[in-house]
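**Student:**
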Amino acid sequence: MTDQQNTEAAEAQGPQFSLQRIYVRDLSFEAPKSPAIFRQEWTPSVGLDLNTRQKQLEGDFHEVVLTLSVTVKNGEEVAFIAEVQQAGIFLIQGLDEASMSHTLGAFCPNILFPYARETLDSLVTRGSFPALMLAPVNFDALYAQELQRMQQEAAPTVQ
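Residues 7 to 165 (the numbering used here) make up the sequence shown, in order.
(1) Q46 by DSSP, collapsed to three states: which one?
(2) Please confirm if the segment 31-39 is in contact with the segment 81-92, defined as three or more CB-CB distances below 8 Å between the two stretches.
(3) Should P50 go down as buried or exposed, given a rule of 16 or more other Cβ atoms within 10 Å for buried?
(4) Residue range of the alpha helix (DSSP H) that A88 falls in?
(5) Can you find the residues in the same chain that come closer than 7 Å, C-beta to C-beta, to L25, ignoring five residues on each side of it along the sequence?
(6) Does E82 pass the burial test, meaning 16 or more other C-beta atoms within 10 Å, or should it be called exposed?
(7) Could you tell me if T131 is buried or exposed, where buried requires 16 or more neighbouring beta carbons within 10 angstroms of its beta carbon?
(8) With DSSP as the reference, label L138 as helix, strand or coil.
(9) Here's a check: name, in chain order, each residue in its chain whose Cβ is nearer than 6 Å to the Cβ of L72, leaving out the five neighbours to either side.
(10) According to DSSP, simplified to helix, strand and coil, what is G53?
(11) Could you tell me the alpha carbon to alpha carbon distance between R27 and S40, rounded to whole angstroms?
(12) For the beta strand (DSSP E) that contains L33, what are its first and last residues?
(13) Smallest Cα separation from G111: which of S128, V76, H68 and Q157?
(14) By the 10 Å Cβ neighbour count, where 16 or more other Cβ atoms means buried, how is L63 classified, buried or exposed?
Right, dumping it as structure tokens:
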């Protein structure tokens with residue numbers, strides 16, 4: 007089969023999506039006030055930053071990277087900072103531009119999140135801190151907010 011025949015055959019089958027691989031791209035943990043932090047009363051406050059990025063690999067393969075950065079403070083002191091970049095390679099074919107954008111911006115991060123959450127939890131407990139069970143994240147809502155923000159920035163300001 008030629009490349010054109012392969013493309014036509016894939017289009018005839020309709021949209022395709024498959025997860026090829028999930029992996030940790032980067033991982034870090036820092037507990038700057040150890041061991042003194044362990045001798046204090048534990049009243050933590052948790053700050054979570056999350057980010058996604060994607061890039062097209064060869065053909066219909068895409069890498070999506072979900073970054074979770076957690077900063078936990080005990081009072082005013084930083085108890086620990088933990089970060090994971092959880093990545094996945096996805097084969098995605100036959101989607102229009104809007105569907106592809108939604109798949110890469112919300113659906114793929116939703117698949118990666120449980121892996122990133124478990125990795126962070128394990129990392130934190132190995133640092134001798136209480137388990138860090140992050141609540142689920144609604145990536146569809148975050149994606150919609152980002153689209154709305156981009157549309158507002160692109161719209162000319164009316165005076």
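Each residue gets a CB set at the ideal place from its N, CA and C atoms; glycine is no exception.
All values derive from a computational prediction rather than experimental measurement.
**Tutor:** Taking the coordinates as given:
(1) Taking the first residue of the sequence shown as 1, we reach residue 46 at position 40. Coil.
(2) yes
(3) For the purposes of this step, residue 50 is identified with residue 44 of the sequence shown, where counting begins at 1. So P50 counts as exposed.
(4) Walking along the sequence shown from the start, residue 88 turns up at place 82. It is not in any alpha helix (DSSP H) - A88 instead sits in the beta strand (DSSP E) that spans E83 to Q99.
(5) Here residue 25 refers to the residue found at position 19 of the sequence shown. Around L25: G94, F96 and I117.
(6) Against the sequence shown, residue 82 aligns to sequence position 76. With fewer than 16 other Cβ atoms within 10 Å, it is exposed.
(7) Counting from one through the sequence shown, the residue named residue 131 turns up at place 125. Burial call: exposed.
(8) For this step, residue 138 is matched to residue 132 along the sequence shown. In this structure, L138 counts as coil in the three-state DSSP scheme.
(9) Reading the sequence shown from its first residue, position 66 is the one you call residue 72. Around L72: T58, Q92, P115, L118 and A122.
(10) Within the sequence shown, numbered from 1, the residue matching residue 53 stands at position 47. Strand at G53.
(11) Here residue 27 corresponds to residue number 21 of the sequence shown, with the count starting at 1. Here residue 40 corresponds to residue number 34 of the sequence shown, with the count starting at 1. Rounded to whole angstroms, R27 and S40 show a C-alpha spacing of 36 Å.
(12) Position 27 of the sequence shown holds residue 33. Segment Q22 to E36, the beta strand (DSSP E) holding L33.
(13) In the sequence shown, counting from the first residue as 1, residue 111 sits at position 105. Of the listed residues, the one whose Cα sits closest to G111 is H68.
(14) Here residue 63 refers to the residue found at position 57 of the sequence shown. Classification for L63: exposed.
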